[in-house]
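Structure record follows, encoded as structure tokens.
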Amino acid sequence: MRSQDRRERPDVTVVMAARAGDRQASEQLIRDCLPLVYNIVGRALDGHSDVDDVVQETMMRVLDGLPGLEQPDRFRSWLVAITVRQIRDRWRRGRTWLTAEPLEENARETDPQADFSDLAILRLALSDQRREAVEATRWLEDEEREVLALWWMECAGELTRGELSGACGLTPQHAAVRIQRVKERLETARTVVRAVTASPRCPDLAAVLASWDGRPSALWRKRLARHVRDCPQCLLSSSDLIPAEGLLAGLALVPMPVGLVGLVLARTLGADSAGATVGAGTGTASGASRMVRTIGRLAAKPAATAAAGAVTLAAAGVAWYTAAGSHEPVPRPAVAAPLPSAASSMPPSPRTSASPTPTPTPTASPATTAEARFSGRHALRSVDNPGEHVSQSGRLGILGPVGATSSAATRQAATFTFVPGLADPSCYSLRDATGRYLRHYAFRIRLDTDDGSAIFQKDATFCPRSGSTAGSVSLESYNYPGRYLRHRDNLQLWLDPSENTAAHRASRSFVLVAPWT
Numbered sequence: 135m136r137s138q139d140r141r142e143r144p145d146v147t148v149v150m151a152a153r154a155g156d157r158q159a160s161e162q163l164i165r166d167c168l169p170l171v172y173n174i175v176g177r178a179l180d181g182h183s184d185v186d187d188v189v190q191e192t193m194m195r196v197l198d199g200l201p202g203l204e205q206p207d208r209f210r211s212w213l214v215a216i217t218v219r220q221i222r223d224r225w226r227r228g229r230t231w232l233t234a235e236p237l238e239e240n241a242r243e244t245d246p247q248a249d250f251s252d253l254a255i256l257r258l259a260l261s262d263q264r265r266e267a268v269e270a271t272r273w274l275e276d277e278e279r280e281v282l283a284l285w286w287m288e289c290a291g292e293l294t295r296g297e298l299s300g301a302c303g304l305t306p307q308h309a310a311v312r313i314q315r316v317k318e319r320l321e322t323a324r325t326v327v328r329a330v331t332a333s334p335r336c337p338d339l340a341a342v343l344a345s346w347d348g349r350p351s352a353l354w355r356k357r358l359a360r361h362v363r364d365c366p367q368c369l370l371s372s373s374d375l376i377p378a379e380g381l382l383a384g385l386a387l388v389p390m391p392v393g394l395v396g397l398v399l400a401r402t403l404g405a406d407s408a409g410a411t412v413g414a415g416t417g418t419a420s421g422a423s424r425m426v427r428t429i430g431r432l433a434a435k436p437a438a439t440a441a442a443g444a445v446t447l448a449a450a451g452v453a454w455y456t457a458a459g460s461h462e463p464v465p466r467p468a469v470a471a472p473l474p475s476a477a478s479s480m481p482p483s484p485r486t487s488a489s490p491t492p493t494p495t496p497t498a499s500p501a502t503t504a505e506a507r508f509s510g511r512h513a514l515r516s517v518d519n520p521g522e523h524v525s526q527s528g529r530l531g532i533l534g535p536v537g538a539t540s541s542a543a544t545r546q547a548a549t550f551t552f553v554p555g556l557a558d559p560s561c562y563s564l565r566d567a568t569g570r571y572l573r574h575y576a577f578r579i580r581l582d583t584d585d586g587s588a589i590f591q592k593d594a595t596f597c598p599r600s601g602s603t604a605g606s607v608s609l610e611s612y613n614y615p616g617r618y619l620r621h622r623d624n625l626q627l628w629l630d631p632s633e634n635t636a637a638h639r640a641s642r643s644f645v646l647v648a649p650w651t
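First residue of the sequence shown: 135, per the working numbering; consecutive thereafter.
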């Protein structure tokens, strides 16, 4: 089932007619809204046995409250807000929750107890990285899955950011912060999924998993993420992960179980509206739920239409990855004023002009100025994690602990030589002791050997900007202005867009200190 196009969504005319009591309009409104509500509830509750009950209760409240809706043009935000409240109500009731089956047990068919991740994988015929992304949702906490469910719908084109933030009662800025946090934890969970399902599995990871019961959880995500971050083998296995937003863009909604539409219509509008979708004997909510889950088991087997949709979605993912991998730059803004000498390690003042023409330096050429400002060997210490430094594990950039008692290899991995930028000598490129350069690839920070291409040179060039504290510096991408080298919660280094929060600014700020080697 493809994500709904804008013109397929309920328009104001239908909402107003349903609000006025038009039965046909009410039925159309329910049919239009159910896929969105079902996917939000299913993903947020992660396949809890009460998903179909929550969906029905949500639609009942929507129709009951529709006469009091004062702004029909804001119907979708209102709808999603009610959905979120119903999800939270179900959490507060403390029902018995279903847990996912052990990750290593890949059932080929779902049963009435299957979680939403299984349904998504089977019904959409997902594979490879999309499958891993869906499986990674099992490792999140309840509150995180709620935000993820809404962001997932935004990526799929079902919600706008305004609708999402309005439904959560947040400002767009606050919503962006919560979404970014969940995205980072999802990315961490994806690396854990990749490591746990690797064949052969890392021997050291096998020892860590000795006491694991095989069921994903947020606690185990944190434990395993520490191992993945520090293990070159596990970290390297996740080096090709495409950012989640690229996988989710245009992803189809999970089809609803056969008969759910009829059950909802029967409960909200009466049996006449359900038609022949649901037979007699499903009058109670619990009985209806059992029937939906039973029919859903039969509907879970991938059909030809789902397979065809998956092919289309896979093509969309390839197209996105090709676009992301092309690294086509946007118009280049002016570089910041030159940094002071390396001894002071003071950052430049923030840029004030967006002109694509750099401000000329009257006394020296860009290359000469760069060397005088900032050249030489340095280590970069994190502002918000003072004991951690920009380092590397295999080919990937991480934030790692380094000290005077660390091994020679650890200290060498955290020491970089600042040279004039490969793409712009007024900026910088960071080279390690083996001659590899720090660069971004699919927005992941890694270390590669210069292949002489223009793309590589741009990917490996960073321009210094003011950090969050005095004496600190942030490194902005040369070919993606507005994106900065930054560590995420799992201490992996990424190229992330700027956010105007103290925590985000601190996570992309570093203090240049004496080299460790």
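All C-beta atoms, glycine included, are put in the ideal place defined by N, C-alpha and C.
- Taking the Cβ atoms as the reference, residue 577 lies roughly 5 Å from residue 629, within the contact range of under 8 Å.
- Between residue 316 and residue 369, the C-beta gap is not smaller than 8 Å, which leaves the two residues out of contact.
- If you check the CB distance, residue 221 and residue 179 come in under 8 Å.
- If you look at residue 551, you'll find it isn't in any alpha helix (DSSP H); it sits in the beta strand (DSSP E) that goes 550 to 554.
- Per the C-alpha coordinates, the member of 387, 322, 306 positioned closest to residue 626 is 322.
- Beta-bridge pairing by DSSP links residue 513 to 647.
- Residue pairing by DSSP places residue 631 opposite 617 in a beta bridge.
- Each residue's CA atom was taken as its position, placing residue 532 and residue 622 some 9 Å apart.
- Contact annotation: residue 534 and residue 522 have beta-carbon atoms nearer than 8 Å.
- Counting along the chain, residue 582 sits inside the beta strand (DSSP E) bounded by residues 578 to 582.
- DSSP, reduced to helix, strand and coil, places residue 216 within a helical segment of the structure shown.
- Excluding its 5 nearest sequence neighbours in each direction, residue 153 has C-beta neighbours in its own chain below 7 Å: 200, 201, 203, 206, listed in chain order.
- In this structure, residue 582 sits near residue 573, with a CB-CB distance shorter than 8 Å.
- Taking C-beta separations shorter than 7 Å and ignoring five residues to either side along the sequence, the partners of residue 190 in its chain run 397, 398, 401, 419, following chain order.
- Here the C-alpha atom of residue 366 lies approximately 53 Å from the C-alpha atom of residue 145.
- A residue is called buried once 16 or more other Cβ atoms fall within 10 Å of its Cβ, and residue 516 is buried on that count.
- Residue state for residue 282 is assigned as helix, using DSSP reduced to three classes.
- Within the model, the alpha-carbon separation for residue 587 versus residue 603 is close to 35 Å.
- Excluding five sequence positions before and after residue 156, none of the CB atoms of its chain fall closer than 6 Å to its own CB.
- In the three-state reduction of the DSSP assignment, residue 167 falls in the helix class.
- Between residue 192 and residue 216 the beta-carbon gap is near 6 Å, inside 8 Å, which marks them as a contact.
- Following the DSSP letters along the chain, one finds residue 607 inside the beta strand (DSSP E) bounded by residues 607 to 611.
- For residue 398, the three-state secondary structure derived from DSSP is helix.
- Note that the C-beta distance between residue 329 and residue 339 is below 8 Å.
- Per DSSP, residue 525 is one residue of the beta strand (DSSP E) stretching across 522 to 527.
- Residue nearest to residue 607 within the set 585, 639, 194 is 639 (criterion: CA-CA distance).
- Under the DSSP assignment, residue 589 falls outside any beta strand (DSSP E), being part of the alpha helix (DSSP H) whose first and last residues are 588 to 593.
- Across the structure, residue 364 and residue 169 are spaced so that their CA atoms are roughly 41 Å apart.
- Relative to residue 336, the option among 318, 320, 371 whose CA is nearest is 371.
- A straight-line Cα-Cα distance of about 20 Å links residue 160 and residue 187.
- In the structure shown, residue 293 falls within a coil segment according to DSSP collapsed to helix, strand and coil.
- Only buried fits residue 263, as 16 or more other CB atoms lie within 10 angstroms of its CB.
- In the DSSP assignment, residue 313 falls within the alpha helix (DSSP H) that extends over 306 to 330.
- Nearest to residue 614 by alpha-carbon distance, out of 597, 301, 605, 624, is 597.
- Around the beta carbon of residue 520, a 10 Å sphere encloses fewer than 16 other beta carbons of the protein chains shown; the residue is thus reported as exposed.
- A direct Cα-to-Cα measurement between residue 649 and residue 616 gives close to 28 Å.
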